[in-house]
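Since the structure comes first, as structure tokens, the remarks are kept for the end.
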Amino acid sequence: MIAEAQLSQGPAPHADETFRAHHFETAEQQFAAAKLGMWLFLVTEVLFFSGLFVAYAVFRVLHPEVFVNSAALLDTKLGAINTVILLFSSLTMAWAVRCSQLGQQRGLVLCLSLTIAAAVAFLGVKGIEYAHKWHEGHLWASQYGGPQAGETFDRAGSFFSVYFAMTGLHAVHIIAGIAAIGWLLKRSLRGDFSPAYYTPVDVVGLYWHLVDLVWIFLFPLLYLVG
Amino acid sequence: MSTTLPPTTRLPEQAWKSEPISEPDYLRNKRGIMSWVYTLDHKRIGVMYLIGILTAFLMGGVMAILVRTELLSPSRTIMGPDAYNHMFTLHGAIMTFLFIIPSIPAALGNFILPIMLGAKDVAFPRMNLASWYLWVFGAVFLIAAMALNGLDTGWTFYTPYSTTTNSSVISATLGVFILGFSSIFTGINFIATVHIMRPKGMTWFRMPLFLWSLYSTAIIQVLATPVLGITLLLLIAERALGIGFFDPKLGGDPVLYQHFFWFYSHPAVYIMILPAMGVISELISTFSRTPIFGYRFMCYSAIAIAFLGFLVWGHHMFTSESAMAAVIFSALTFSVSIPSGIKVFNWLATLYKGSISLTTPMCFALSFILLFTIGGLTGLFLGALATDIHLHDTYFVVAHFHYVMMGGSLMAFIGGMFYWWPKLFGKMYSEFWGRISCLIIFIGFNWTFFPQFILGSRGMPRRFYDYKPEYQGLHVISTSGAFFLGIGLILCAAVFLHSLWRGRRAPANPWGAATLEWQTASPPPLHNFVDDPVVTDPYDMADFELQRDTGDYVRRPYTPSQSDGTETQS
């Protein structure tokens with residue numbers, strides 16, 4: 009939340025009319041619209057992922073042993089590192105929003121850069137994991153060629169289908185997030201944001217937290233069930 | 005073309021005399037193709053959508069005629085079995101994804117919603133334009149399937165056939181995936197617009213019912229469409245990579261696909277019908293000159309239909325789920341008929357003792373009530389478990405959903421087109437030929453689809469190329485009806501084109517309606533209103549008086565003696 013004491017000296021929130029589109033009465037109304045729009049978009053994102061979560065639930069109920077055995081093939085340590093990285097990026101993102109609200113220009117640029125760096129690091133770790141899985145043949149159903157594919161759990165491919173679909177879709181969202189935060193960084197270097205106008209930082213922040221939140225569910229569901 | 009109208013219809017009878025206009029209208033304020041390509045004006049985007057979906061409707065319609073022609077006789081009439089499979093699949097896919105879903109919300113809704121609300125534009129004009137471009141890209145991918153290897157899965161893309169056929173499933177599903185984003189963008193935009201952009205005085209319960217219906221539709225678009233998105237993405241991954249979610253050979257479950265698909269596609273049925281119900285509420289009220297009966301219940305029933313629509317998807321899989329699940333889904337399916345019944349009875353109560361003028365939009369609205377009621381009631385036959393065993397996958401189903409989708413949504417769409425046409429393009433159309441087209445469409449529609457109820461109840465399965473000779477009589481009747489229906493639709497298109505070319509100039513409020521879109525010029529200026537509109541009860545039409553010389557309805561100047569309430573009872 010905005011600290012009233014600090015803002016009372018500076019301009020009021022949403023007082024900057026530079027970026028107000030003609031069809032809004034006030035910049036405040038525009039902020040409200042952008043925020044509602046982003047929340048609605050996040051609802052669609054949740055439902056987009058929900059299909060995969062339902063598929064996960066169905067396959068796990070049908071073949072619980074496959075999930076227990078296959079999850080052991082994932083590298084929990086790398087997954088945990090990625091969880092920490094993403095939680096850190098959520099912190100820097102929240103901090104970036106705070107900096108923009110308080111008009112701390114350098115802090116904003118630093119926080120956005122750190123968020124991007126964390127996102128890239130996450131993808132790097134993910135890349136290492138994927139390469140390892142590729143090497144071991146732990147791939148999705150039709151390509152599954154892992155050494156453990158035998159009588160005991162010949163449906164390990166189903167687990168890796170779910171694994172690749174969920175983490176792959178999540179990675180696409182990370183990439184989209186990097187693009188969006190990169191755009192924020194460009195605009196913040198140009199000095200667009202101030203306590204009087206910080207809508208884009210706020211709404212992209214919401215998006216980033218959702219991407220983070222999805223991972224918070226993926227990590228235990230995929231890595232820790234074994 | 006001159007039209008003679010019965011005196012009761014209260015239509016403008018003289019040419020509109022030009023009045024000084026303070027601002028150029030939205031069609032003329034900028035010129036050139038680039039002013040359309042980059043436009044952020046919701047009205048122009050609405051018109052662009054209109055052109056797009058009507059093109060799709062023409063394509064889907066031609067395919068329908070070809071399918072019906074093929075069915076004139078058993079085995080080959082004009083095309084082989086593969087061509088037939090491609091033809092009915094693309095007819096279904098084009099009509100559903102390219103036409104009906106965007107028809108009323110994205111074309112008419114885009115144009116009307118902000119004006120009806122009293123706003124200058126939708127909340128996110130850029131996203132609005134993006135949604136139109138996504139529609140175009142989606143359409144290109146979907147139609148490209150036709151040019152590549154065709155598409156023979158049926159519009160539902162059921163696995164495992166869709167993962168094994170050699171037709172262009174990836175191109176088509178990618179197209180539908182993109183179209184889904186287009187629909188989501190429209191939905192997000194409408195919800196944000198209704199929440200944020202309402203001007204002073206426009207409270208939730210002063211919103212016309214068309215806005216309520218678009219709002220409930222937008223909720224479904226936002227909540228259901230992403231599920232279709234992920235389903236189709238997984239289907240593409242299934243075909244391209246063999247990911248094995250739906251393929252039993254790889255440990256997948258084809259019925260899971262059906263659940264996913266219908267979790268979107270049954271709510272999508274309400275995306276198609278809810279806006280139509282909103283249109284009908286406007287038409288019935290305006291042309292009865294009575295406030296809509298049970299306004300609040302109409303609002304709540306729209307929301308209730310949107311909500312219940314999410315709980316009934318399982319009725320598409322009665323035979324592949326547990327008996328308990330089937331009973332629950334059957335009961336939930338029946339519950340949808342309660343809010344639908346509220347709407348139908350409220351329309352009838354609105355008509356009661358109304359001063360009814362049988363204008364073209366009203367003719368379509370009355371046709372809607374009859375056809376939608378038949379479509380809705382036959383839905384109960386299919387929702388009941390015992391009768392569904394006999395009727396499922398027969399022509400009874402085909403007739404049922406055409407009565408709802410075509411007899412319902414399309415009739416409302418055309419009725420809405422006639423109703424708002426003067427506002428869209430500032431031109432009046434020929435009432436005489438408009439009504440004739442409605443009559444032909446109404447007769448042609450029943451002629452085509454009523455025999456299909458009988459065909460289905462006698463056991464003719466849907467989607468079949470060949471059939472036993474005893475079904476031929478009814479097929480011939482149905483096909484001849486389809487040709488008649490086609491003539492009606494062509495006539496209807498001719499009425500619109502003639503109006504653009506030769507129509508009289510439309511006054512601001514030719515129908516005497518009290519909603520805000522009629523309180524601005526026809527066509528409206530760029531920012532919709534020159535002066536901020538005064539928000540009143542959307543159905544209080546008593547204050548509007550016909551100006552005989554202009555054909556315009558003008559709000560009666562306020563005088564204390566006239567506001568004694570003597571005019572307001574209905």
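In order, the protein sequences belong to chains H and D.
Under the working numbering, the first residue of the first sequence carries the number 9, and numbering increases by one thereafter.
Under the working numbering, the first residue of the second sequence carries the number 5, and numbering increases by one thereafter.
Even for Gly, the Cβ is constructed at its ideal location relative to N, Cα and C.
Since Glu73/H is in the alpha helix (DSSP H), which residue starts that stretch and which ends it?
Along the first sequence, read from residue 1 onward, the residue named residue 73/H stands at position 65. Per DSSP, Glu73/H is one residue of the alpha helix (DSSP H) stretching across Pro72 to Ala79.
For Leu44/H, return the contacting residues in chain D, with the cut-off set at a CB-CB distance below 7 Å.
Start at 1 with the first residue of the first sequence, and residue 44/H comes out as number 36. In chain order: Ala196, His199 and Ile200.
Using a cut-off of 7 Å between C-beta atoms, extract the partners of Ile240/D located in chain H.
Locating residue 240/D in the second sequence gives position 236, where the first residue counts as 1. Under a criterion of Cβ atoms nearer than 7 Å, no residue of chain H is adjacent to Ile240/D; the nearest Cβ is some 11 Å distant.
Note down, in chain order, each residue of its chain lying with its Cβ closer than 7 Å to the Cβ of Met409/D, except the 5 sequence neighbours on either side.
As a position in the second sequence, residue 409/D is number 405, starting the count at 1. Cβ neighbours of Met409/D beyond the five flanking positions: Ile104 and Met276.
Between the Cα of Gly477/D and those of Leu489/D, Arg462/D and Arg467/D, spot the shortest distance and give me the residue it belongs to.
As a position in the second sequence, residue 477/D is number 473, starting the count at 1. When only C-alpha atoms are compared, the closest one is Arg462/D.
Work out the CA separation of Val180/D and Ser371/D for me, nearest whole Å.
In the second sequence, counting from the first residue as 1, residue 371/D sits at position 367. In the second sequence, counting from the first residue as 1, residue 180/D sits at position 176. Ser371/D and Val180/D: Cα-Cα distance of roughly 31 Å.
Should Thr34/H be labelled buried (16 or more other beta-carbon atoms within 10 Å of its own) or exposed?
Residue numbering aside, residue 34/H sits at position 26 when the first sequence is read from its first letter. With fewer than 16 Cβ atoms within 10 Å of its Cβ, Thr34/H is classed as exposed.
Gly234/H beta carbon less than 9 Å from that of Ala63/H:
Here the question's residue 63/H lines up with position 55 in the first sequence. Here the question's residue 234/H lines up with position 226 in the first sequence. Not closer than 9 Å, so no.
Give the C-beta separation of Pro106/D and Ser187/D to the nearest angstrom, bearing in mind that I take them to be a contact with Cβ-Cβ under 8 Å.
Indexing the second sequence from 1 puts residue 106/D at position 102. Indexing the second sequence from 1 puts residue 187/D at position 183. About 7 Å separates the two Cβ atoms, so the contact holds.
If I follow the unbroken alpha helix (DSSP H) through Tyr137/D, where does it start and stop?
The count along the second sequence starts at 1 and reaches residue 137/D at position 133. Where Tyr137/D is concerned, the enclosing alpha helix (DSSP H) stretches over Pro129 to Ala151.
Please check if any C-beta of chain D sits within less than 9 Å of the C-beta of Val233/H.
Mapped onto the first sequence, residue 233/H falls at position 225. It does not: the Cβ of Val233/H has no partner Cβ on chain D nearer than 9 Å.
Name, in chain order, the residues that DSSP records as bridge partners for Tyr171/H.
Position 163 of the first sequence holds residue 171/H. Bridge partners of Tyr171/H: none, in fact.
Beta-carbon contacts of Tyr399/D that lie in its chain and below 8 Å, excluding the five residues immediately before and after
On the second sequence, residue 399/D is found 395 positions in, with the first residue counted as 1. The answer, listed in chain order, is Gln456, Phe457, Leu459, Gly460, Met464, Pro465 and Arg466.
Can you check whether the CB of Gly492/D is closer than 9 Å to the CB of Ser434/D?
Translated into the one-based positions of the second sequence, residue 434/D becomes position 430. Translated into the one-based positions of the second sequence, residue 492/D becomes position 488. No.
Helix or strand or just coil, what does DSSP make of Arg68/H?
Position 60 of the first sequence, counted from the start, is the residue given in the question as residue 68/H. Arg68/H: helix per DSSP, three-state reduction.
Within a Cβ cutoff of 6 Å, which residues of the same chain sit near Ile307/D, ignoring the five residues on either side of it in sequence?
Along the second sequence, one-based indexing puts residue 307/D at 303. So the list reads Ser220, once near-sequence residues are dropped.
Compute the minimum distance between the beta carbon of Thr294/D and the heavy atoms of the ligand ZN, and state whether it is under 8 Å.
Ligands in the displayed structure: none, and consequently the ligand ZN is not present.
Could you check whether Leu50/H and Leu218/H sit closer than 9 Å to each other, using their CB atoms as the reference points?
Taking the first sequence and counting its residues from 1, one reaches residue 218/H at position 210. Taking the first sequence and counting its residues from 1, one reaches residue 50/H at position 42. The answer is yes: Cβ separation under 9 Å.
With a 10 Å radius around its C-beta and 16 neighbouring C-beta atoms as the bar for buried, classify Thr160/H as buried or exposed.
Counted from its first residue, the first sequence places residue 160/H at position 152. Only weak support is given to the placement of Thr160/H: the predicted model assigns it a pLDDT of 47, under 50, and the value that follows is read from those uncertain coordinates. Its Cβ having fewer than 16 others within 10 Å, Thr160/H is exposed.
Gly45/H vs Gly255/D beta-carbon contact at 9 Å:
As a working note, residue 45/H is residue 37 in the first sequence. As a working note, residue 255/D is residue 251 in the second sequence. No; because the gap between Cβ atoms is not below 9 Å, this pair is not in contact.
Relative to the alpha-carbon of Asn450/D, which residue among Gly65/D, Ser484/D and Met432/D has its alpha-carbon at the smallest distance?
Taking the first residue of the second sequence as 1, we reach residue 450/D at position 446. Considering only alpha carbons, the answer is Ser484/D.
Look up Thr398/D in the DSSP assignment and give the residues it is bridged to.
Taking the second sequence and counting its residues from 1, the one referred to as residue 398/D is at position 394. In the DSSP output, where bridge partners are listed per residue, Thr398/D has Pro465/D.
Closer than 8 Å at the beta carbon, the chain D residues around Gln151/H
Along the first sequence, read from residue 1 onward, the residue named residue 151/H stands at position 143. Near Gln151/H (Cβ distances below 8 Å), the residues of chain D are Leu245 and Gly246.
Secondary structure at Glu325/D, three-state DSSP: helix, strand or coil?
If you number the second sequence from 1, residue 325/D lands on position 321. The answer is coil: DSSP assigns Glu325/D none of H, G, I, E or B.
Buried versus exposed call for Ile309/D [16 or more other C-beta atoms within 10 Å across all chains shown]:
Position 305 of the second sequence, counting from 1, holds the residue named residue 309/D. By the neighbour-count rule (16 or more Cβ atoms within 10 Å), Ile309/D is buried.
Between which residues of its own chain and Leu355/D is the CB-CB distance below 6 Å, once the five residues before and five after are set aside?
If you number the second sequence from 1, residue 355/D lands on position 351. Counting only Cβ-Cβ distances below 6 Å, and skipping sequence neighbours, we find Ser292.
Which bits of chain H does Lys124/D rub up against, with CB to CB less than 8 Å?
As a working note, residue 124/D is residue 120 in the second sequence. Result: His30 and His31.
Find the nearest neighbour of Leu48/H within the set Thr364/D, Tyr165/D, Ile224/D and Thr157/D, judged by alpha-carbon distance.
Indexing the first sequence from 1 puts residue 48/H at position 40. Minimum Cα distance to Leu48/H is reached at Ile224/D.
Three-way DSSP call (helix, strand, coil) for Glu23/D in this model
Position 19 of the second sequence, counted from the start, is the residue given in the question as residue 23/D. Any reading at Glu23/D needs caution, since the residue's pLDDT is 48, under 50, leaving its predicted position unreliable; the model's value is listed next. Correct three-state label for Glu23/D: coil.
Backbone CA spacing between Phe249/D and Arg163/H [nearest angstrom]
To locate residue 249/D, count along the second sequence from 1; it is residue 245. To locate residue 163/H, count along the first sequence from 1; it is residue 155. Cα-Cα distance, rounded: 12 Å.
Can you confirm whether the stretch 176-196 of chain H touches the stretch 109-121 of chain H when touching is taken to mean that 3 or more C-beta pairs between the two stretches lie within less than 8 Å?
yes
In terms of residues, what are the limits of the alpha helix (DSSP H) holding Arg106/H?
Numbered from its first residue, the first sequence carries residue 106/H at position 98. From DSSP, the alpha helix (DSSP H) with Arg106/H extends over Thr84 to Leu110.
If you draw a straight line from the C-alpha of Val51/D to the C-alpha of Phe115/D, how long is it?
Here the question's residue 51/D lines up with position 47 in the second sequence. Here the question's residue 115/D lines up with position 111 in the second sequence. Taking the straight line joining both Cα atoms gives about 7 Å.
Nearest candidate by alpha-carbon position, reference Lys85/H, set Met101/H, Ala42/H and Lys134/H:
Here residue 85/H refers to the residue found at position 77 of the first sequence. Considering only alpha carbons, the answer is Lys134/H.
Can a CB atom of chain H be found closer than 9 Å to the CB of His90/D?
Counting from 1 along the second sequence, the entry for residue 90/D is found at position 86. So no, His90/D is outside the interface.
Whole alpha helix (DSSP H) elements within the stretch 179-259 of chain D, 4-residue minimum:
213-245
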